[in-house]
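From first to last, the protein sequence lines are chains V and S.
When we follow numbering that gives the first Met the number 0, the leftmost residue of the first sequence carries the number 0, and every step to the right adds one.
When we follow numbering that gives the first Met the number 0, the leftmost residue of the second sequence carries the number 0, and every step to the right adds one.
Only one structure is covered here, and it is reproduced in the block below.
Protein chains: 2
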Amino acid sequence: MSPTHAPAGAARQGSLRELNLALVLGRIAAADRPPSRADLATATGLTRATVSAVVEDLLAGQLVSEADPAPRAGAGRPARGLVLADQGPAGLGLEVNVDYLTVCVVDLAGQVRHRTVHRADLRPVAPADALARLVDLAGQARADAARQGLTLAGAALAVPGLVDDAGLVRLAPNLGWRDVPVPELLSGHQALTDQVPGVPALVVDNEANFAALGELHSRPPGPASFLHISGEVGIGAGIVLDGALFRGVRGWSGEIGHFPVHPQGRPCRCGGHGCLEQYAGQEAIVAAAGLLRAELPADTATARLAELAEAGDPDALRALHDAGTALGVAVASVVNLLDLDTVVLGGGYAPLAPWLCPPVLAEIAARVLTAAWSPVTVRPSTLGPEAAAVGAAESVVRRIVARPAGWLGRSG
Amino acid sequence: MSPTHAPAGAARQGSLRELNLALVLGRIAAADRPPSRADLATATGLTRATVSAVVEDLLAGQLVSEADPAPRAGAGRPARGLVLADQGPAGLGLEVNVDYLTVCVVDLAGQVRHRTVHRADLRPVAPADALARLVDLAGQARADAARQGLTLAGAALAVPGLVDDAGLVRLAPNLGWRDVPVPELLSGHQALTDQVPGVPALVVDNEANFAALGELHSRPPGPASFLHISGEVGIGAGIVLDGALFRGVRGWSGEIGHFPVHPQGRPCRCGGHGCLEQYAGQEAIVAAAGLLRAELPADTATARLAELAEAGDPDALRALHDAGTALGVAVASVVNLLDLDTVVLGGGYAPLAPWLCPPVLAEIAARVLTAAWSPVTVRPSTLGPEAAAVGAAESVVRRIVARPAGWLGRSG
DNA sequence: GCTATTTGTTCAGCGATTGAATTATTTGCC
DNA sequence: GGCAAATAATTCAATCGCTGAACAAATAGC
């Protein structure tokens with residue numbers, strides 16, 4: 000991923016157009032106001048002739064559309080602004096979690112055009128049945144998308160667990176799933192999306208990874224490299240390096256929940272001692288604050304905790320401080336290892352960020368050698384609780400923006 | 000780095016040839032026996048006509064040369080094998096360390112064609128003087144390279160400390176350097192190498208990073224992603240992801256020495272407590288084994304320790320076991336975070352690997368969730384103590400192999 | 001209404017790849 | 001020894017896509 004590496008395949012004649020399609024479309028996507036063809040030419044270094052030809056392809060493929068010209072001072076023929084199409088390909092994002100199912104549709108511009116949240120305790124539900132419900136919701140989403148002139152070009156499913164390259168869910172402890180062959184179970188149903196060359200029909204990945212992707216593509220765009228930590232029952236991290244998600248050799252990166260914060264500390268269900276999860280996991284924080292954890296929905300407990308902290312409840316404040324310190328120990332090590340300058344607290348941590356950030360920053364200041372030369376930012380996620388589903392859907396459209404040739408029917 | 004990301008610049012006509020030059024040359028470099036043009040055509044997907052044209056460019060530019068045909072069974076015109084040229088561009092690798100200076104020259108094929116090690120205690124020497132000595136050694140290396148038909152295309156300097164993007168050595172604690180502007184100090188001397196477009200004249204980086212690169216490009220080629228840990232007085236890690244060194248946002252990745260192994264443990268000079276360095280640093284191991292650390296050269300102490308362990312000395316064995324356990328705690332967290340499947344113990348750890356690996360593996364087995372599905376390999380580095388200098392030199396030639404257009408005088 | 005200015009398109013030219021035909025060189029068989 | 005089959009490498013017309021310059025389109029200012 001960004002590092003200078005040799006190209007994967009042969010550069011044939013058409014590769015040139017493929018690259019320039021991606022280049023121009025990427026510029027249109029990144030611009031903050033609709034650029035003209037002339038703007039794109041100067042920005043990319045291509046000639047206006049080439050840009051025109053490329054844009055013609057993109058217009059024909061419904062990837063961009065012409066917008067009202069951006070008002071400009073001075074003389075000259077008015078420009079025609081180019082924006083990402085709001086009719087055309089879109090991504091389907093799916094999420095299965097402990098107490099809800101989410102389906103959403105995101106268009107090329109990153110707008111959420113459809114969203115459904117289905118609250119239900121999924122733990123007693125068999126995986127196949129949960130997926131069947133999801134297919135049902137996806138069908139409605141697809142119909143709604145079609146009404147809006149959108150074509151679903153691919154789907155991505157977020158799961159709170161370890162996922163295989165093939166989409167096999169090896170283990171989702173809080174959901175009670177083990178070795179669930181998701182693509183196989185879904186293949187029995189109607190296809191979720193249309194088939195588009197270059198866009199896999201279904202990608203399954205960890206929710207923390209997709210949540211990080213959602214953050215990466217949020218507006219305004221985040222930094223190119225950051226650590227996104229989702230604090231739920233477990234603690235997962237999504238690592239974004241140079242604008243790309245780092246998935247590790249087998250896609251199992253980001254397991255930060257069992258970082259040894261207190262090596263001789265509390266026993267953890269993983270078999271170790273003093274794992275981060277035991278000190279900064281949602282259940283741990285809630286318990287430390289003296290709240291009964293009988294209240295089932297995790298977000299309710301989190302909201303309650305935030306209320307108490309807001310009101311100055313000393314137990315809640317102490318619990319949050321301790322959790323933040325534990326989190327800070329782990330985060331500091333990650334920052335030392337990867338030299339990141341931004342850490343995003345997402346998921347259940349986002350509403351607690353006002354109280355978690357200070358101790359995290361304190362640990363970073365104390366433990367990160369290089370913090371003296373350049374500061375590390377710790378901030379809450381800008382996305383809500385559906386970050387993972389939105390990030391999943393965005394990963395689909397981003398793939399099209401990064402490689403539009405597939406969608407346009409070129410060799411890909 | 001590697002990840003699917005949009006191309007940086009405009010794809011013009013010549014980019015096609017640039018890409019294919021890199022593609023073909025990369026194949027020649029990666030092949031284990033000299034491939035013919037026909038082999039390259041089938042391997043890359045290009046036509047034989049194109050491959051011939053590309054190879055002609057590479058031959059003219061002295062990047063490859065024709066070798067004896069690989070013996071083949073069956074009829075047909077015999078192939079002409081292509082190998083990386085042993086006359087042509089080469090990389091100059093430099094290293095400043097606490098008790099030695101090293102200069103080496105590595106050719107395109109990765110062969111070390113010249114090597115000088117100058118032993119001296121560099122701590123009392125002013126940075127400018129140390130660099131002047133290095134320039135002297137480099138001049139001899141350049142003359143020797145010229146005698147062998149090699150042209151030095153660029154230089155890379157390994158330093159045991161934090162280095163800036165601009166080559167400023169912010170801090171090299173064991174060397175006593177602070178804010179040393181290396182490129183500036185060297186600019187006063189004769190140029191180390193020739194100027195080649197696309198190849199920076201001098202790159203300065205951390206020794207751990209270059210040592211990891213050396214491991215990456217060693218024969219047989221290592222895995223595409225791994226963690227390389229250099230155990231010296233300090234402990235540095237080089238992170239290789241998808242075949243590329245991961246340098247972090249500012250190039251300061253890999254600071255693993257201050258990983259909190261025992262949060263309430265021994266105070267560390269960094270201000271923290273229980274840092275890995277205090278338990279698995281060379282001085283710590285030597286002290287724990289009951290050896291006097293008055294013996295200055297670090298490699299002597301390490302060798303002595305290995306001898307004692309070999310002889311079954313219980314103090315030495317216990318010290319190594321404890322160090323390995325501490326190292327394992329840190330390594331397990333890194334593996335959990337990045338999902339790597341290979342860890343290489345280099346530098347001072349390499350000769351101690353027989354005793355360090357078992358406890359490291361034990362900690363990984365206990366702490367890495369995914370280790371159950373796929374094992375993690377822990378092995379010593381195959382390179383000797385000059386790994387950093389060789390890795391530095393290799394980084395120069397690798398850049399040429401990855402982007403030969405610059406060397407060939409194309410726009411690149 | 002005219003000029004200056006900027007946008008976008010058209011078109012000949014050119015570089016690079018392609019695919020088929022051609023040449024080169026060896027093995028195997030009669 | 002000579003011929004056919006097989007494999008390697010080169011040659012060449014065709015094609016694709018980018019370039020650069022000329023040209024058409026559309027607006028502001030005088």
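By construction, the Cβ of each residue, glycine as well, lies at the ideal position given by its N, Cα and C atoms.
Check: Note down, in chain order, each residue of its chain lying with its Cβ closer than 7 Å to the Cβ of Ala-236/S, except the 5 sequence neighbours on either side.; Outcome: Ala-207, Leu-226, His-227, Ile-228, Gly-253, Ile-255
Check: Any chance the segment 365-373 of chain V sits against the segment 323-339 of chain V, with 3 or more Cβ pairs inside 8 Å?; Outcome: yes
Check: Going along chain V, which residues have a C-beta under 7 Å from Phe-43/S?; Outcome: In the sequence as displayed, the identity of residue 43/S is Thr instead of Phe. Within 7 Å Cβ-Cβ: Ala-9.
Check: Should Gly-8/S be labelled buried (16 or more other beta-carbon atoms within 10 Å of its own) or exposed?; Outcome: exposed
Check: Per DSSP, what kind of secondary structure is Pro-379/V in: helix, strand or coil?; Outcome: strand
Check: For a cutoff of 7 Å on Cβ pairs, would you count Val-239/V as touching chain S?; Outcome: no
Check: If distances are taken between C-alpha atoms only, which option among Pro-220/V, Gly-311/V, Glu-385/V comes closest to Ala-30/V?; Outcome: Pro-220/V
Check: Use the C-beta contact count for Asp-67/S: other C-beta atoms within 10 angstroms, 16 or more gives buried, fewer gives exposed.; Outcome: exposed
Check: From the DSSP output, read off the bridge partner residues of Ala-154/V.; Outcome: Leu-91/V, Leu-201/V
Check: Within 7 Å (strictly less), CB to CB, does Thr-115/V reach chain S?; Outcome: no
Check: Is the beta carbon of Gly-197/V closer than 7 Å to that of Arg-402/V?; Outcome: yes
Check: Just the chain S side, please: which residues come within less than 8 Å of Val-158/V by C-beta, in chain order?; Outcome: Neighbours of Val-158/V on chain S: none; closest Cβ ~15 Å, over 8 Å.
Check: Residues of chain S with CB under 8 Å from Val-333/V, in chain order?; Outcome: Leu-336
Check: Could you tell me whether the Cβ of Phe-225/V comes closer than 7 Å to any Cβ of chain S?; Outcome: no
Check: How about Phe-258/V: is its C-beta nearer than 7 Å to some C-beta of chain S?; Outcome: yes
Check: Between which two residues does the alpha helix (DSSP H) holding Gly-323/V run?; Outcome: 313-337
Check: Go ahead and pull the three-state DSSP assignment for Cys-356/S.; Outcome: helix
Check: Thinking C-beta only, is Leu-107/S closer than 7 Å to Leu-136/S?; Outcome: no
Check: I'd like to confirm the pairing. Which residues does DSSP put opposite Ile-228/S in its beta bridges?; Outcome: Ala-236/S, Leu-344/S
Check: Say whether chain S places a C-beta atom closer than 7 Å to the C-beta of Ile-234/V.; Outcome: no
Check: Please confirm if Trp-251/S has its CB atom under 7 Å from at least one CB of chain V.; Outcome: yes
Check: Measure the Cβ-Cβ separation of Ile-234/V and Gly-264/V and say whether it is below 7 Å.; Outcome: no
Check: Determine whether the Cβ of Glu-254/V lies closer than 7 Å to any Cβ atom of chain S.; Outcome: yes
Check: Identify, in the order they occur along the chain, each residue of the same chain with its Cβ nearer than 7 Å to the Cβ of Arg-397/V, setting aside the five sequence neighbours on each side.; Outcome: His-216
Check: Could one say the Cβ of Ala-5/V lies closer than 7 Å to chain S's Cβ atoms, at least one of them?; Outcome: With a pLDDT of 36 at Ala-5/V, under the threshold of 50, the modelled position of this residue cannot be trusted; read the value that follows with caution. At least one chain S Cβ lies under 7 Å of Ala-5/V.
Check: Looking at the C-beta of Thr-369/V, does it have a partner C-beta in chain S at a distance below 7 Å?; Outcome: yes
Check: Report buried or exposed for Ser-186/V, applying the criterion of at least 16 other Cβ atoms within 10 angstroms of its Cβ.; Outcome: exposed
Check: Report the neighbours of Ala-365/S on chain V: residues whose CB is nearer than 7 Å to its CB, in chain order.; Outcome: Gly-270, Gly-271
Check: Does any residue of chain V have a CB that is nearer than 7 Å to the CB of Asp-38/S?; Outcome: no
Check: Could you check the C-alpha separation between Ser-1/S and Val-260/S for me, to the nearest Å?; Outcome: Low confidence applies to Ser-1/S: its pLDDT is 31, below 50, so where it sits in the model is not reliable, and the reading given next is rough at best. One C-alpha to the other measures close to 32 Å.
Check: For the ligand ATP, I want to know if Ala-387/S counts as a neighbour, meaning its beta carbon is within less than 6 Å of at least one of the ligand's heavy atoms.; Outcome: The ligand ATP is absent from the structure shown, which contains no ligands of any kind.
Check: Look up Pro-6/S in the DSSP assignment and say whether it is helix, strand or coil.; Outcome: Its pLDDT being 41, under 50, Pro-6/S is placed unreliably in this model, and the value from its coordinates should be taken loosely. Here Pro-6/S sits in coil by DSSP.
Check: Using the beta-carbon of each residue, which ones in chain V are nearer than 8 Å to Ser-14/S?; Outcome: Ala-10, Leu-15, Leu-18
Check: Just to confirm my understanding: we take Ala-329/V, look at its own chain, exclude 5 residues before and 5 after, and list those with CB closer than 7 Å. What are they?; Outcome: Ile-255, Phe-258, Val-260, Leu-275
Check: What are the partner residues of Phe-83/S, as DSSP defines its beta bridges?; Outcome: A small fix is needed here, since residue 83/S is Leu in this sequence, not Phe. BP columns for Leu-83/S point to Val-63/S.
Check: Closer than 7 Å by C-beta to Ile-363/V: which residues in its own chain qualify, once you throw out the five before and the five after it? Chain order, please.; Outcome: Gly-327, Val-330, Ala-331, Val-334, Ala-370, Val-375
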